[in-house]
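**Student:** Add 4 to a position in the sequence shown, counting from 1, and you land on the number used in my numbering. Beta carbons: idealized from backbone N, C-alpha and C, even for Gly.
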Amino acid sequence: MHRNLRSFIELLRRERDLIEVEAEVDPYLELAEVHRRVIERGGPAILFRNVKGSRNPVVTNLFGTERRIGLAFGPKPEALVREAVRVAESLLPPKPAALWQSRKLALEALRLGTRRVRRAPVAEVVDRPARLDELPILTTWQEDGGPFVTLPLVYTEHPFTGKHNLGMYRMQRFDARTTGMHWQIHKGGGFHFHEAEREGQPLPVTVFLGGPPALILSAIAPLPEDVPELILASVLAGEKIRVADNPLEGFKHRLIAESEFALVGRVPPGERRPEGPFGDHYGYYSLQHDYPVFNVEAVFHRKDAIYPATVVGKPRQEDFFIGDYLQRLLSPLFPLVMPSVRDLWSYGETGFHSLAAAVVRERYAREALVSAFRILGEGQLSLTKFLLLTDTPQDLRDFRKLFEHVLARFRPESDLFIFSNVSMDTLDYTSGTVNRGSKAVMLGLGDPVFSLPHEFRGALPVGVTRAEVFCPGCLVVEGVSFS
Numbered sequence: 005m006h007r008n009l010r011s012f013i014e015l016l017r018r019e020r021d022l023i024e025v026e027a028e029v030d031p032y033l034e035l036a037e038v039h040r041r042v043i044e045r046g047g048p049a050i051l052f053r054n055v056k057g058s059r060n061p062v063v064t065n066l067f068g069t070e071r072r073i074g075l076a077f078g079p080k081p082e083a084l085v086r087e088a089v090r091v092a093e094s095l096l097p098p099k100p101a102a103l104w105q106s107r108k109l110a111l112e113a114l115r116l117g118t119r120r121v122r123r124a125p126v127a128e129v130v131d132r133p134a135r136l137d138e139l140p141i142l143t144t145w146q147e148d149g150g151p152f153v154t155l156p157l158v159y160t161e162h163p164f165t166g167k168h169n170l171g172m173y174r175m176q177r178f179d180a181r182t183t184g185m186h187w188q189i190h191k192g193g194g195f196h197f198h199e200a201e202r203e204g205q206p207l208p209v210t211v212f213l214g215g216p217p218a219l220i221l222s223a224i225a226p227l228p229e230d231v232p233e234l235i236l237a238s239v240l241a242g243e244k245i246r247v248a249d250n251p252l253e254g255f256k257h258r259l260i261a262e263s264e265f266a267l268v269g270r271v272p273p274g275e276r277r278p279e280g281p282f283g284d285h286y287g288y289y290s291l292q293h294d295y296p297v298f299n300v301e302a303v304f305h306r307k308d309a310i311y312p313a314t315v316v317g318k319p320r321q322e323d324f325f326i327g328d329y330l331q332r333l334l335s336p337l338f339p340l341v342m343p344s345v346r347d348l349w350s351y352g353e354t355g356f357h358s359l360a361a362a363v364v365r366e367r368y369a370r371e372a373l374v375s376a377f378r379i380l381g382e383g384q385l386s387l388t389k390f391l392l393l394t395d396t397p398q399d400l401r402d403f404r405k406l407f408e409h410v411l412a413r414f415r416p417e418s419d420l421f422i423f424s425n426v427s428m429d430t431l432d433y434t435s436g437t438v439n440r441g442s443k444a445v446m447l448g449l450g451d452p453v454f455s456l457p458h459e460f461r462g463a464l465p466v467g468v469t470r471a472e473v474f475c476p477g478c479l480v481v482e483g484v485s486f487s
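1) Assign Ala-83 to buried or exposed, taking buried as 16 or more other Cβ atoms, counted over all protein chains shown, within 10 Å of its Cβ.
2) By how many angstroms is the C-alpha of Thr-434 removed from the C-alpha of Val-424?
3) Given Leu-464, which residues of its chain have a CB within under 7 angstroms of its CB, disregarding the five upstream and five downstream residues?
4) Which of the three DSSP states, helix, strand or coil, is assigned to Leu-334?
5) Based on the DSSP output, what are the partners of Ile-23 in its beta bridges?
6) Starting from His-196, trace the alpha helix (DSSP H) both ways and give me its first and last residue.
7) Check for me: the alpha helix (DSSP H) holding Phe-423 runs from which residue to which?
8) At the level of alpha carbons, what is the spacing between Arg-365 and Asp-395?
9) Starting from the C-beta of Pro-140, find all residues in its chain whose C-beta is less than 6 angstroms away, skip the five residues before and the five after it, and write them out in chain order.
10) What's the gap between the Cα of Thr-210 and the Cα of Leu-136?
11) Rounded to the nearest angstrom, how far is the Cβ of Arg-346 from that of Pro-339, given a contact under 8 angstroms?
12) Could I get the ranges of all uninterrupted beta strand (DSSP E) runs contained in the stretch 247-281, with 3 residues as the minimum, in chain order?
13) Does Ser-222 pass the burial test, meaning 16 or more other C-beta atoms within 10 Å, or should it be called exposed?
14) Decide if Pro-457 is buried, meaning its Cβ has at least 16 other Cβ atoms within 10 Å, or exposed.
15) Leaving out the 5 sequence neighbours to the left and right, which residues in its chain are closer than 6 angstroms to Leu-359 when beta-carbon positions are compared?
16) Once you ignore the five residues that flank Glu-201 on each side, which residues in its own chain have a CB closer than 6 angstroms to its CB?
17) Could you check where the beta strand (DSSP E) with Gly-363 kicks off and where it finishes?
18) Hey, quick one: how far does the alpha helix (DSSP H) through Lys-307 stretch, first residue to last?
19) Between which residues of its own chain and Glu-161 is the CB-CB distance below 6 angstroms, once the five residues before and five after are set aside?
20) What are the partner residues of Gln-177, as DSSP defines its beta bridges?
21) Count the C-beta pairs between the stretch 29-43 and the stretch 264-271 that are closer than 8 angstroms, then say yes if the count reaches three, no if not.
22) Roughly how many angstroms lie between the CA atoms of Asp-21 and Leu-348, to the nearest whole one?
23) Can you give me the C-alpha to C-alpha distance between Gly-486 and Thr-469, rounded to a whole angstrom?
24) Are three or more beta carbon pairs between the stretch 62-81 and the stretch 45-53 nearer than 8 angstroms?
25) For Tyr-173, count neighbouring Cβ atoms within 10 angstroms of its own Cβ and tell me buried if that reaches 16, exposed if not.
26) Using DSSP with H/G/I as helix, E/B as strand and the rest coil, what is Phe-486?
27) Hey, Pro-343 and Asn-8 are a contact pair by Cβ (cut 8 angstroms); roughly how many whole angstroms apart?
28) Using DSSP with H/G/I as helix, E/B as strand and the rest coil, what is Arg-59?
29) Going by beta carbon distance, what residues of the same chain come within less than 8 angstroms of Leu-406, once the five residues before and after it are set aside?
30) So Ala-266 and Phe-304 are supposed to be a Cβ contact under 8 angstroms. How far apart are they, rounded?
31) By how many angstroms is the C-alpha of Pro-452 removed from the C-alpha of Gly-194?
32) CA-CA distance, Phe-12 and Ala-309?
33) Taking the straight line between their C-alpha atoms, what separation do you get for Glu-44 and Arg-320?
34) Taking its Cβ as the centre, do 16 or more other Cβ atoms sit within 10 Å of Gln-146, making it buried, or is it exposed?
35) How big is the Cα-Cα spacing for Ala-436 and Tyr-286?
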């Protein structure tokens, strides 16, 4: 669809889905507040042309509506994934007719991956030493520990196998040449660093900003560990991702040719610095913790580079629309990877990891728990905190109806499973220990066992100031603040 960020911006301009701000805007809090007010109203993408303290314009809210997601990627990626699943199912066992019918998909597969080019627009200028203080990096919330890069495409390779990871990990700017690297051990880049650090080696890192919009989504996508993100990026882009050799001696990572910036450097073993706080996508601040340090040795960029950014916070923000699109795109793959799981959905209103639901098979007693453990053992799905399961086809996107369906079949004494002291999302602060906490599985299987009440008429308990019916069988209550 779009070979680079500029192609997408130009389309948004033609579609009148972009506003261009000529007035000077401060990257410290002000720009983020403008962004939040625009996205709250379902407004357009924003190109800030005059950012205080920097020569680079900033673009935000690129994906903040379903319409712009559609403009970025079109219907083809979803159709291609569905066709790939259909072909995979029809080829087991292989049949000549099925092989012939899948020939178009084989041609599409030739477009996947990367293509080496000689000329890289991102290499038009190289700043060495790095001057990160000249980039318009945003401070988005008042209690943030500093300015953070919020759309970094962090490229690493496994120090021994060479397999790559393209992930999105926030980066706090410490000074002109160093940032934090918010690697979590659950994520691919963090695993690569763990392996390198164990051997006492620095890990080479290249951070891209901008480029094909497909890169941003593929870096966020909850792919299985061994599925290359650049393959998904080429599916979304409809062509191979263009890469070029790094012209600097000693750096083997290729550059994403059409990106706006490329930050090149290393993360040394054994070094940590306090990172955070940061106003995160759960709607609260993640606290200050020690994280690895990225030493930036050079910055490549276009002559007129545009700095892409986003602002996260209490849902719904821009990442909500990205997450929902990725789920629609990848949902046909779930039954292929997990045959007992018919459908699966995580709820962006909760920050995605906090709540998920699935339709599963229940051919024998408690088979649903087998599916639950399968889901909770799959990549980033392992960070799910609360999982609802049913064996009846449901529209999982309609949470009220789904929850009513589960409650009518839920026996508290036998259908709620709580697991304590297990691995959790680093950003989950519900326990006193980072990366550990509890999670739960709730079953609503078979025929209804309860007739659910539709209204509440009782007296409110002490401390509860208001109660409203969310759905039959469920009240939402409001009370005094907890401290």
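**Tutor:** Working from what's here:
1) Counting Cβ neighbours within 10 Å, Ala-83 comes out exposed, since fewer than 16 surround it.
2) The sequence given here places Ser at residue 424; Val does not occur at that position. Ser-424 and Thr-434 have their C-alpha atoms some 12 angstroms from each other.
3) Once the five neighbours on either side are set aside, the close Cβ partners of Leu-464 are Ala-471.
4) Leu-334: helix per DSSP, three-state reduction.
5) According to DSSP, which records beta bridges pairwise, Ile-23 is partnered with Ile-50.
6) Segment 192-202, the alpha helix (DSSP H) holding His-196.
7) Premise fails: Phe-423 lies in the beta strand (DSSP E), 420-427, not in any alpha helix (DSSP H).
8) Distance from the CA atom of Arg-365 to the CA atom of Asp-395, rounded to whole angstroms, is 6 angstroms.
9) So the qualifying residues of the chain are Pro-31, Val-55, Ser-58, Asn-60, Val-62, Tyr-311.
10) Looking at the backbone, the Cα of Thr-210 and that of Leu-136 are separated by about 14 angstroms.
11) About 6 angstroms separates the two Cβ atoms, so the contact holds.
12) When DSSP assignments are scanned along the stretch 247-281, the uninterrupted stretches of beta strand (DSSP E) that are 3 or more residues long and fall wholly within it turn out to be 265-271, 276-279.
13) Looking at its Cβ environment, which holds 16 or more other Cβ atoms inside 10 Å, Ser-222 is buried.
14) Answer is exposed; the Cβ neighbour count stays below 16.
15) Sequence-distant Cβ neighbours of Leu-359 in its own chain, meaning closer than 6 angstroms and more than five residues away, are Tyr-351, Phe-390.
16) Contacts found: Pro-273.
17) What sits at residue 363 in the sequence shown is Val, not Gly. Unbroken beta strand (DSSP E) run through Val-363: 359-364.
18) Where Lys-307 is concerned, there is no enclosing alpha helix (DSSP H), given that its DSSP letter is neither H nor E.
19) Cβ neighbours of Glu-161 beyond the five flanking positions: His-168.
20) First, the amino acid is wrong: residue 177 is Arg here, not Gln. Bridge partners of Arg-177: Thr-183.
21) The answer is no - the stretch 264-271 does not touch the stretch 29-43, with fewer than three Cβ pairs under 8 angstroms.
22) The straight-line gap from Cα to Cα measures roughly 32 angstroms.
23) For clarity, residue 486 is Phe in the given sequence; the question names Gly instead. Their backbone Cα atoms lie some 13 angstroms apart in a straight line.
24) Flag = yes, the stretch 62-81 and the stretch 45-53 touch.
25) Here Tyr-173 is buried. Its C-beta has 16 or more other C-beta atoms within 10 Å.
26) In the structure shown, the three-state DSSP call for Phe-486 is coil.
27) For Pro-343 against Asn-8, the beta-carbon gap comes to about 39 angstroms, at or over 8 angstroms, which does not count as contact.
28) Arg-59 falls in the coil class under three-state DSSP.
29) Answer for Leu-406: Ala-361, Leu-392, Thr-394, Gln-398, Asp-399, Leu-400, listed in chain order.
30) At roughly 4 angstroms, the Cβ-Cβ gap stays under 8 angstroms, so Ala-266 and Phe-304 are in contact.
31) Going from the Cα of Gly-194 to the Cα of Pro-452 covers about 45 angstroms.
32) If I take the Cα positions, the gap works out to 14 angstroms.
33) Answer to the nearest angstrom: the Cα atoms are 8 angstroms apart.
34) With fewer than 16 other Cβ atoms within 10 Å, it is exposed.
35) Position check: residue 436 holds Gly in this sequence, whereas Ala was assumed. Gly-436 and Tyr-286: Cα-Cα distance of roughly 17 angstroms.
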